[in-house]
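Below you'll find the structure, written out as structure tokens, and then a few comments.
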Amino acid sequence: MSVRTKKLINSTQTLVPEMLEGFAAAYHDIVRLTDDGLIVRRQPKAGDKVALVIGNGSGHEPALIGWVGPGLLDVNIPGDIFAAPGPAKIVRGLKAAYREAGVLLCVSHHAGDLMNAEAALEEAHDEGLDRIELVVLYDDVASAPKGREPERRGTVGLFFVWKMVGALAESGADLAACKALAETVRDNTRSLSMALTSCAHPLTGETMFELAADEIEIGMGVHGEAGMYKGQLMSADETIDRMLPSVLDDLPFQAGDEVCVLLNNAGSMTLMELSILYRRVAQRLAEANIRVHRSWLGAYATTQEMAGFGLSLCRVDKQLKALYDAPANGAWYKSV
Amino acid sequence: MSDSSVAEIIDAETSIRIITAMAEAVTRQQAYLSGLDSTVGDGDHGVNLAKALQEAARRVQPLANAAPDIVWRTTGKVIQESVGGASGLLFGAFFVGGSRTIKDRDTLTTADVAAMMGAGLENIQKRGKAQPGDKTMVDALAPAAAAAAAAVEADLSLVEALDQMAFAAQTGADATREMVARHGRAKFLGERSRGYQDAGATSIAVMLAAWAEAMRESK
Chain A
1326 MSVRTKKLIN STQTLVPEML EGFAAAYHDI VRLTDDGLIV RRQPKAGDKV ALVIGNGSGH
1386 EPALIGWVGP GLLDVNIPGD IFAAPGPAKI VRGLKAAYRE AGVLLCVSHH AGDLMNAEAA
1446 LEEAHDEGLD RIELVVLYDD VASAPKGREP ERRGTVGLFF VWKMVGALAE SGADLAACKA
1506 LAETVRDNTR SLSMALTSCA HPLTGETMFE LAADEIEIGM GVHGEAGMYK GQLMSADETI
1566 DRMLPSVLDD LPFQAGDEVC VLLNNAGSMT LMELSILYRR VAQRLAEANI RVHRSWLGAY
1626 ATTQEMAGFG LSLCRVDKQL KALYDAPANG AWYKSV
Chain B
-3 MSDSSVAEII DAETSIRIIT AMAEAVTRQQ AYLSGLDSTV GDGDHGVNLA KALQEAARRV
57 QPLANAAPDI VWRTTGKVIQ ESVGGASGLL FGAFFVGGSR TIKDRDTLTT ADVAAMMGAG
117 LENIQKRGKA QPGDKTMVDA LAPAAAAAAA AVEADLSLVE ALDQMAFAAQ TGADATREMV
177 ARHGRAKFLG ERSRGYQDAG ATSIAVMLAA WAEAMRESK
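Sequence lines, in order, name chains A and B.
For the first sequence, the residue numbers in our numbering are 1326 to 1661.
For the second sequence, the residue numbers in our numbering are -3 to 215.
So, in structure tokens, the structure goes:
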């Protein structure tokens, strides 16, 4: 398998801090890197509006540093490569965001992310920071069967949550309303990912998982966790025909529904491929009489140079469409 | 500290030596531990744990005059912050949880070590929710904690107790090979997780073996 193990870095020891330094310098008009390694908005949101905070492992850029900014996240707490930040760092992130209106601590459901967030929340409460709510987010249909949704992983579909809850918080909605909306968006979002090739772990240089030259894997997690189908490479249309029904049938999305669609580039997917894949998605949705409100094609959460994509659908109503269309200005996502 | 070749008590200085020995052992085995992790995870477990224990060993060096619980607690906190993720939190939780049972002690006996093992295991299970048989670090720690409790009953010395604990942990880690993962990231593999030894359990075995070895190297 042709896996690129060459990476232009200076040292594995300084990889994350150097990345954050460079990113914050490049997008200095939008974000700022704090002394303790947090990515925060250059212009903090007013204290009477709820702040959105999330920690995550690094190595998935632009997730989630690229999503800090007006209309989106307030504070991102980057961990080490593929590892959620520890409780003390999450507490620092909560303090950086803390305000009268409260803080919504979002968790993309993975064991480490949840455990560290829970430990941090206990510490924050012990210190008297009581206006913090935790919401656990998940969307990946491959990681647990229908009926056991809370066991599922958080993957690319969570971007619908950042976008829509970010817009709601900006409008001045209270903490309970922001948490409720996060759950609503989560419960209307379903995703499934696939990989064509593996990638190299930036710290070890080792291949993250094995895939033969003519093989693909469907249903894997954002770290290459093993998926639900491993088989022969198929055409773009066949791949969508195999993946889309698993997503549609799960919610289920039905005739008459309106959706937003995301085709996420996992790392080295081309816009050419994503467009060809999207063509088939659009055809199949039209056949199913499901209307598409908006679509995104691009790299929103990556796993290094992995080739593959995530397909995510979010069912929207009038309110969610308005929140989706509201302005946002992150380094990696803009909506005017 | 006695002049004999083994430590009969654990004070802060011995605690620092134990942490240092754990760091050295995991560093020597880091490629092996990362390899075990690559089957189901990111393949960085050994590298991360080695880095965290090295940092912990560095940070506890000045604590020779502190109470032992400060050494163990500091180790746990450093691991949680320097590794992050599930394994950082859980390996750290072992030290942090264990340290709570030895507050105000200047030296630790076999009974103290047994209490630490029990509390460390409990803290891990509180956070990670794993049970024995789920193919996690608990499968090495639970037998080691049981061996520690049995050592107290049998009135064993610290050195004997640590040998029993290390053996129990290794046996427990070996047994994970035949288990199907029900927790953590490996659970997504289901039946495909069978046949691979759990990296977390193996690391616990490596750390307890280093602890047992460090008891013999007292001055």
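We put the CB at the ideal spot given by N, CA and C, even for glycine.
is_contact[residue i, chain A] using C-beta, thresh 7 angstroms
i	result
residue 195(B)	no
residue 91(B)	no
residue 123(B)	yes
residue 76(B)	yes
residue 43(B)	yes
residue 199(B)	no
residue 115(B)	no
residue 30(B)	yes
residue 191(B)	no
residue 84(B)	yes
Cβ-heavy atom distance, residue i to the ligand NAP, below 6 angstroms
i	result
residue 1421(A)	Here there are no bound small molecules, and the ligand NAP is not part of this structure.
Partner residues on chain B for residue i, Cβ-Cβ distance less than 7 angstroms
i	result
residue 1410(A)	80
residue 1526(A)	38, 39 and 40
residue 1444(A)	85 and 123
Closer than 8 angstroms at the beta carbon, the chain A residues around residue i
i	result
residue 61(B)	The premise fails here: residue 61(B) is roughly 25 angstroms from chain A at the closest Cβ pair, so nothing lies under 8 angstroms.
Any C-beta of chain B under 7 angstroms from that of residue i
i	result
residue 1436(A)	yes
residue 1325(A)	In the structure as shown, chain A starts at 1326 and stops at 1661, and residue 1325(A) therefore has no counterpart that could be examined.
residue 1529(A)	yes
residue 1513(A)	no
residue 1381(A)	no
residue 1441(A)	yes
residue 1371(A)	no
residue 1624(A)	no
residue 1388(A)	no
residue 1421(A)	no
residue 1413(A)	yes
residue 1407(A)	yes
Contact with chain E by residue i, beta-carbon distance below 7 angstroms
i	result
residue 1404(A)	Reference to chain E is not applicable here, since the protein chains of this structure are A and B.
Chain-ordered chain B contacts of residue i [CB-CB under 8 angstroms]
i	result
residue 1519(A)	Going along chain B, no residue has its Cβ under 8 angstroms from residue 1519(A), so there is no contact; the nearest lies around 15 angstroms.
residue 1468(A)	184
Candidates the options: closest to residue i by CA position
i	options	result
residue 1633(A)	1609(A), 1586(A), 1660(A) and 1522(A)	1522(A)
residue 1479(A)	1537(A), 1452(A), 1431(A) and 1496(A)	1431(A)
residue 1604(A)	1575(A), 1564(A), 1640(A) and 1624(A)	1564(A)
residue 78(B)	205(B), 54(B), 20(B) and 31(B)	54(B)
residue 68(B)	159(B), 6(B), 20(B) and 37(B)	6(B)
residue 103(B)	185(B), 28(B) and 61(B)	61(B)
residue 1606(A)	1636(A), 1623(A), 1624(A) and 1597(A)	1636(A)
residue 151(B)	40(B), 45(B), 197(B) and 106(B)	106(B)
residue 1426(A)	1544(A), 1456(A) and 1409(A)	1456(A)
residue 183(B)	1497(A), 1544(A) and 1468(A)	1468(A)
residue 66(B)	43(B), 136(B) and 101(B)	101(B)
residue 75(B)	56(B), 140(B) and 211(B)	56(B)
Close Cβ partners of residue i (< 7 angstroms) along its chain, the five nearest in sequence each way excluded
i	result
residue 1483(A)	1433, 1462 and 1464
residue 1619(A)	1585 and 1649
residue 92(B)	69, 72, 73 and 119
residue 18(B)	49, 203, 206 and 207
residue 185(B)	36 and 177
residue 1328(A)	With a pLDDT of only 46 at residue 1328(A), under the threshold of 50, the placement of this residue in the model should not be trusted; the figure read from the coordinates follows. Taken in chain order, the residues that qualify are 1522, 1523, 1524, 1525 and 1532.
9 angstroms Cβ cut-off: residues of chain A touching residue i
i	result
residue 11(B)	Within chain A, no residue comes near residue 11(B); the closest Cβ sits about 22 angstroms away, beyond 9 angstroms.
Same chain, Cβ closer than 8 angstroms to residue i, five either side skipped, listed in chain order
i	result
residue 1353(A)	1367
residue 1361(A)	1414 and 1417
Cβ shell of residue i (< 6 angstroms), same chain only, five flanking positions each side left out
i	result
residue 179(B)	126, 130 and 132
residue 120(B)	86, 89 and 90
residue 1499(A)	none
residue 1576(A)	1515
Proximal residues of chain A, C-beta to C-beta of residue i below 7 angstroms
i	result
residue 34(B)	1531
Any 3 or more C-beta pairs closer than 8 angstroms across the stretch 1620 to 1634 of chain A and the stretch 0 to 13 of chain B: no
How do the stretch 1578 to 1588 of chain A and the stretch 1608 to 1619 of chain A stand: do at least 3 beta-carbon pairs fall below 8 angstroms, yes or no? yes
State whether the stretch 131 to 148 of chain B contacts the stretch 112 to 122 of chain B, with contact taken as three or more CB pairs (one from each stretch) at a distance under 8 angstroms. yes
Indicate whether the contact test is met: 3 or more Cβ pairs, each with one atom in the stretch 1401 to 1410 of chain A and one in the stretch 1641 to 1657 of chain A, closer than 8 angstroms. no
Answer yes if the stretch 1452 to 1466 of chain A comes into contact with the stretch 1506 to 1524 of chain A, meaning at least three C-beta pairs across the two stretches below 8 angstroms, and no otherwise. yes
Between the stretch 1651 to 1659 of chain A and the stretch 1392 to 1400 of chain A, do three or more beta carbon pairs fall short of 8 angstroms? yes
Would you say the stretch 1349 to 1365 of chain A touches the stretch 1585 to 1604 of chain A, given that touching needs at least three Cβ pairs under 8 angstroms? no
When you compare the stretch 1374 to 1383 of chain A with the stretch 1409 to 1417 of chain A, are there three or more beta-carbon pairs, one atom per stretch, that lie closer than 8 angstroms? yes
Is the stretch 1536 to 1543 of chain A close to the stretch 1484 to 1498 of chain A, with three or more CB pairs under 8 angstroms? no
For the pair the stretch 1437 to 1445 of chain A and the stretch 79 to 94 of chain B, tell me if three or more CB-CB distances fall below 8 angstroms. yes
Counting Cβ pairs, one atom from each stretch, are 3 or more of them under 8 angstroms apart for the stretch 148 to 158 of chain B and the stretch 166 to 186 of chain B? no
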